[in-house]
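Numbering (my numbering), first residue to last: 14 to 666.
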């Protein structure tokens, strides 16, 4: 069998212009916005904020001796390593060749085969004095084979990696160096990586006729599954197109019934950053109906907006019980409640004063700007009338409906708290970061985790034990965690910087709910699916950026999907296996931001996509099925955040 029968990839970088570089901001923008990260057809598969401190981009195209090469131009030892990836997840047996020139030996560089995601792959690694074959699986590395070699920075080395079944053979400059066995990763893409300055040139992937036929069969089977799902499911139909000229925003819309007419309106919020991205201040709120009529405006809009990398501190909720939602927001170092119909300020109070913080950075402002708002019920009354606010990383405060401070708790509160009555006394407890706080501000317990929490949900997620409450957390570099409502950890998986968690029935061939998570920092876009007790079911990767993973009731028949993004080819509605089940049309709609909610009241979710110029809304292009309707119990829609965890519990009406 020859691995040279079929050329699967031939790349000399000639189609990429000299100077092209991976120069997008290495920031949190891609946590909840669609930010394609590529160098031509190559994915930039890893990310670290520290890399951006050294240069405008990690990889760039250069000309050298009449040909184009890709240069990695900096030392990037944190996280990662920086890598570019290309190919097909269904490739199996193949040979990958590329020329590599290390320009330093203060770190390593090399090639990747059998890429599953940027934490799981096989690498051929060049270091000072050694060539090695390694198996990488999340935080662990295993040497499969190695040999000594005196590498030189003044020349290229032509590496060839042959993958046949579990056997991986490495050649350099035509000489066989070693053979290793790696049975776990049978398929995967290819790529190259560097922690150090290095040059890369002339990539080529070839396979045998039999290997190509097997690849085509695997890919065709997957595409047939997707097509069958897409053909069987109703399509999205454009329903509303709303212009937001001069006052548009990023992923910071809020929906609510502002005038009590039973229909939802939208509040468009803008912000300015006072002290880098962690300390924003609202500059404008614009209320609109869904026909595009502006109802009122607070502040002054602008087109000069920063990239949002934290929440805008605003919620829409009927806190006074008059039948119309109010707009609750922080602006000018104060918290305000505005009448939803008119925008008239009903109540205001100064934001809480911040004590000296134990968190790095101290307190930049005597009064907090307001980092998030959560509506909850601390009093046990018939409806929620309390507000939780917080600073960035040190304190949470509880307020009453008149904006009086009830208590403060010092903790590492994470990005967005959640509330749930875990003890059945009629009052909510507040989960802020890893701290569970009683309604009176008493700390009940705190999970022994190191980093801050990025998303959390509390609820009866194990349908076999409906009386048991569970806490599921996207715990940043501490991974995915499932705990009891008493703070006992049941499961923990360190699979990267976990950014988002949702509990919903998205694996339609199995009963119960699944947790779906996704990563961002370091190794973005790794989707992992777990059962209700936190046992890993499987994982996959669709894009090298994150997703909000919004649960979607599309068919009203008990199946749920996840809104991955509004991108016409990379996004859409997926199931728990990564099938793209429903695609948005390629009709020029915005793709930067997305959300979903039941706007029309029929129980099914509308898909909302937007950028700073316009908002587009899509409906299900199908009638409701006959009989009982599936209307899942969701996380409260009036608590909105870019860091919100979601749950969707089965419910029929």
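Glycine residues also receive a C-beta, built at the ideal position from the N, C-alpha and C atoms. It should be emphasised that the depicted structure is a prediction, and the values quoted were computed from it without experimental measurement.
Opposing strand residues paired with residue i [DSSP bridges]
i	result
residue 342	327, 349
residue 422	409
residue 336	Answer is none; residue 336 lacks a bridge partner.
residue 666	Answer by DSSP bridge pairing: none, since residue 666 is not bridged.
residue 508	Partner(s): none; residue 508 has no beta bridge.
residue 552	541
residue 627	256
residue 368	None, per the DSSP bridge assignment.
residue 81	76
residue 607	622
Short Cβ contact (8 Å threshold) for residue i with residue j
i	j	result
residue 257	residue 281	yes
residue 53	residue 125	no
residue 325	residue 399	no
residue 84	residue 97	no
residue 57	residue 638	no
residue 432	residue 389	yes
residue 591	residue 132	no
residue 576	residue 610	no
residue 93	residue 535	yes
residue 9	residue 504	Nothing can be reported for residue 9: it is not among the residues displayed for the chain, which extend from 14 to 666.
residue 559	residue 537	yes
residue 516	residue 530	no
residue 628	residue 255	yes
residue 470	residue 648	yes
residue 334	residue 393	no
residue 17	residue 219	yes
residue 386	residue 327	yes
residue 284	residue 295	yes
residue 300	residue 259	no
residue 201	residue 292	no
residue 631	residue 303	no
residue 569	residue 616	yes
Inter-residue spacing [alpha-carbon to alpha-carbon] between residue i and residue j
i	j	result
residue 30	residue 72	13 Å
residue 622	residue 378	35 Å
residue 269	residue 633	21 Å
residue 67	residue 87	Because residue 67 sits at a pLDDT of 48, beneath the cut-off of 50, its placement in the model cannot be relied upon, and the following sentence gives the value as read from the coordinates. About 7 Å.
residue 12	residue 55	Examination of residue 12 is not possible in this model, given that the chain is present from 14 through 666 alone.
residue 193	residue 553	25 Å
residue 241	residue 521	14 Å
residue 221	residue 19	6 Å
residue 290	residue 322	6 Å
residue 261	residue 603	12 Å
residue 468	residue 657	6 Å
residue 286	residue 452	32 Å
residue 95	residue 174	20 Å
residue 186	residue 152	31 Å
residue 81	residue 613	54 Å
residue 429	residue 457	19 Å
residue 532	residue 512	5 Å
residue 482	residue 626	42 Å
residue 563	residue 608	7 Å
residue 668	residue 226	Outside the displayed range of the chain (14 to 666) lies residue 668, so it cannot be described from this structure.
residue 437	residue 480	11 Å
residue 15	residue 239	32 Å
residue 403	residue 46	23 Å
residue 352	residue 358	6 Å
residue 102	residue 26	22 Å
residue 40	residue 395	42 Å
residue 599	residue 586	14 Å
residue 589	residue 572	11 Å
residue 263	residue 401	24 Å
residue 652	residue 161	58 Å
residue 645	residue 150	36 Å
residue 50	residue 354	42 Å
Expected contact under 8 Å - CB spacing of residue i and residue j to nearest Å
i	j	result
residue 121	residue 208	6 Å
residue 594	residue 243	6 Å
residue 116	residue 166	5 Å
residue 337	residue 273	4 Å
residue 277	residue 567	Going by Cβ atoms, the distance from residue 277 to residue 567 rounds to 19 Å, so no, they are not a contact pair.
residue 159	residue 146	7 Å
residue 367	residue 408	7 Å
Which full runs of the beta strand (DSSP E) of 3+ residues lie inside the stretch 138-222, going along the chain? Taking only runs of at least 3 residues, the beta strand (DSSP E) segments lying wholly in the stretch 138-222 are 143-150, 153-161, 170-177, 180-185, 188-194, 202-207, 211-220.
Going residue by residue through the stretch 277-329, where are the continuous beta strand (DSSP E) segments of at least 3 residues, counting only ones entirely within it? Fully enclosed beta strand (DSSP E) runs of 3 or longer: 278-286, 293-301, 307-312.
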